[in-house]
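Colleague: Quick one: this structure, given as structure tokens, is what I'll be asking you about.
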Amino acid sequence: MSEPTLFPAQLSARHLTRHFTTRVPGRFLTAKRVVRAVEDVSLDLFEGHVTAVVGESGSGKSVLARMLARIVTPTSGELVLEGTPIPVRSKRTLDYAAKVQLVLQDPYASINPVHRIRHSLERPLLIHGANNGEVETLAKAALSRVSLDPPERFVDRYPHELSGGQLQRVSIARALCVKPDVLLADEPISMLDVSVRLGILNLLRGLCDDERLAILYITHDIASARYIADETIVMYAGQIVERSRGTALVDDPTHPYTQLLISSVPDPSDPTSQDSRRIEHATFEVAQVGCRFAPRCPFAMDVCRTDDPPNFMVGEGHTSHCWLHASEPEAAVEVAPPTRRREGEPTKT
Ligand code: SF4
Numbered sequence: 004m005s006e007p008t009l010f011p012a013q014l015s016a017r018h019l020t021r022h023f024t025t026r027v028p029g030r031f032l033t034a035k036r037v038v039r040a041v042e043d044v045s046l047d048l049f050e051g052h053v054t055a056v057v058g059e060s061g062s063g064k065s066v067l068a069r070m071l072a073r074i075v076t077p078t079s080g081e082l083v084l085e086g087t088p089i090p091v092r093s094k095r096t097l098d099y100a101a102k103v104q105l106v107l108q109d110p111y112a113s114i115n116p117v118h119r120i121r122h123s124l125e126r127p128l129l130i131h132g133a134n135n136g137e138v139e140t141l142a143k144a145a146l147s148r149v150s151l152d153p154p155e156r157f158v159d160r161y162p163h164e165l166s167g168g169q170l171q172r173v174s175i176a177r178a179l180c181v182k183p184d185v186l187l188a189d190e191p192i193s194m195l196d197v198s199v200r201l202g203i204l205n206l207l208r209g210l211c212d213d214e215r216l217a218i219l220y221i222t223h224d225i226a227s228a229r230y231i232a233d234e235t236i237v238m239y240a241g242q243i244v245e246r247s248r249g250t251a252l253v254d255d256p257t258h259p260y261t262q263l264l265i266s267s268v269p270d271p272s273d274p275t276s277q278d279s280r281r282i283e284h285a286t287f288e289v290a291q292v293g294c295r296f297a298p299r300c301p302f303a304m305d306v307c308r309t310d311d312p313p314n315f316m317v318g319e320g321h322t323s324h325c326w327l328h329a330s331e332p333e334a335a336v337e338v339a340p341p342t343r344r345r346e347g348e349p350t351k352t
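Counting in the numbering used here, the sequence shown runs from 4 upward without gaps.
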């Protein structure tokens, strides 16, 4: 896996926040409740670099991806695309849509079932300005990039004629058609058979290494994040609770929630392990004040119930959002750990 590069980040998010207001019916009146889906998230996506965001359902990772794709408008925060600040409340432009593409979890829902694969690939090309004479060639080239060879075998098929893995490759090919710099992959393997997951992960890693794409890989499976990612970020209840470069976070987790996530990975040698751990996951409760993980945390202290912890540096490029590290010698840090360019690393042109 490659070292992260510093300049330029293809896409940066600064203090991205999204709150939703819901209505809770009471006995006489309807009350309003604010759901803090994403809170103060900052990250950088670099070319040739996979950033994994890990968390369980409700952690805000998909809302984060949709804010980065500009499908969901942030409540506050900033986006910077290739050094240019993006007015987050303005309409998404075609240029932004071409540069930042989103691949969704369920390929059966994201590819139109009534059209041939050709239609799903050629339509975005036409929308983004390709002419009629070249779309077929470009569509077939996109299929080849995701290893659906020969493309003639797939281009005139209907979605129901393909397997889940093949259809997810079509979904990725559709995203690649418009030559994006950033690929946001929202749980791209979670709906697939275990036997084809590795193929999709290797495809994403190959696109990152060979074509210098910046990839955000969203998952609830921390083992797959360890396999593919250059940087791993763990989210809980809308906040980043731990992040690290390389595999440090998985090999030496410092936040109690990350430790819980890792303990939930099924142990093939212990058939009872998965069931008992699932019960822990069922008690999803979020504190409104202090550390959001406090109701589930076996190490919760008084300060945890009153004050939200800052991010503490617990290793090189490794931060933890937990009061347990308040005595660490390093000072608390505010945002992402610094990244650096690998010597001699070519830049994308
Ligand atoms: Fe647990 Fe406190 Fe750390 Fe939160 S800040 S994870 S409650 S020890």
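Glycine included, C-beta positions come from ideal geometry on N, C-alpha and C.
1. So what does Q242 bridge to, in DSSP terms?
2. Spell out a yes or no on whether the segment 9-25 and the segment 71-79 are touching, meaning 3 or more CB-CB pairs, one atom from each, closer than 8 Å.
3. Report the three-state DSSP secondary structure of R21 (helix, strand or coil).
4. Please classify A297: does DSSP put it in a helix, a strand, or coil?
5. Considering just the uninterrupted stretch of the alpha helix (DSSP H) at I203, what are its terminal residues?
6. With C-beta atoms as the reference, is I231 less than 8 Å away from A12?
7. Rounded to the nearest angstrom, what separates I218 and T76 at their Cα positions?
8. Only counting the same chain, and skipping five residues up and downstream in sequence, which positions put a Cβ closer than 8 Å to that of T24?
9. Grab me the residues of I192's own chain with a C-beta within less than 7 Å of its C-beta, minus the 5 sequence neighbours each way, in chain order.
10. Please give me, in chain order, every unbroken run of the beta strand (DSSP E) with length at least 3 that falls completely inside the segment 62-102.
11. Identify whether K143 lies in helix, strand or coil by the three-state DSSP scheme.
12. Beta carbon of M238, beta carbon of Q108: below 8 Å?
13. Looking at the structure shown, is S227 part of a helix, part of a strand, or coil, going by DSSP?
14. Quickly, what does DSSP pair Q13 with across the bridge? List them, please.
15. What three-state label does DSSP hand P341 in the structure shown?
16. Under DSSP, the alpha helix (DSSP H) around G167 begins and ends at which residues?
17. What did DSSP end up calling I265 once you bin it into helix, strand or coil?
18. How about L105 and S150: do their beta carbons lie closer than 8 Å?
19. Taking the alpha-carbon of A133 as reference, which of P153, A101, D212 has the nearest alpha-carbon?
20. At the level of alpha carbons, what is the spacing between V306 and R248?
21. Have a look at V83 and L46 and give me their C-alpha separation to the nearest angstrom.
22. Residues with a Cβ closer than 5 Å to any heavy atom of the ligand SF4, in chain order?
23. What does DSSP give as the partner residue(s) for E164 in the beta ladder?
24. Going by DSSP, what residue range makes up the alpha helix (DSSP H) through A357?
25. Compute the Euclidean distance between the alpha carbons of P301 and I221, then round it to the nearest angstrom.
26. Nearest-angstrom Cα distance between S166 and V91?
27. Considering only heavy atoms of the ligand NAP, does any lie closer than 7 Å to the CB of M194?
28. In the DSSP assignment, find the unbroken alpha helix (DSSP H) run with R156 in it and report its ends.
29. For H321, collect the residues of the same chain with a Cβ closer than 6 Å to its Cβ; drop the 5 residues on either side in sequence, then sort them by chain order.
30. Quick check on N135: does DSSP put it in helix, strand or coil?
31. On the three-state DSSP scale, how would you describe E50?
Modeller: Working from what's here:
1. Y239
2. yes
3. strand
4. helix
5. Counting along the chain, the alpha helix (DSSP H) containing I203 begins and ends at 197-214.
6. no
7. 21 Å
8. K35, R36, V37, V38
9. R200, I203, L204, S227
10. 79-84, 87-89
11. helix
12. no
13. helix
14. According to DSSP, which records beta bridges pairwise, Q13 is partnered with nothing at all.
15. Residue placement at P341 is flagged as unreliable, the pLDDT there being 39, under the threshold of 50; the coordinate-derived value follows with that caveat. P341: coil per DSSP, three-state reduction.
16. Start and end: 167-179.
17. helix
18. no
19. A101
20. 29 Å
21. Taking the CA atoms as reference points, V83 sits about 11 Å from L46.
22. Residues flagged by the Cβ proximity filter: P259, C294, F296, A297, C300, F302, A303, C307, P312, C325, W326, L327.
23. Partner(s): none; E164 has no beta bridge.
24. Lying before the first or after the last residue shown, residue 357 is absent from the chain, which here runs from 4 to 352.
25. 27 Å
26. 37 Å
27. In the structure on display, the ligand NAP does not appear, and the ligands it does have are the ligand SF4.
28. Secondary structure note for R156: it is in no alpha helix (DSSP H), with a DSSP letter that is neither H nor E.
29. Excluding residues within five positions, the ones whose Cβ falls inside 6 Å are S247, A251.
30. helix
31. Here DSSP, grouped into helix, strand and coil, assigns E50 to coil.
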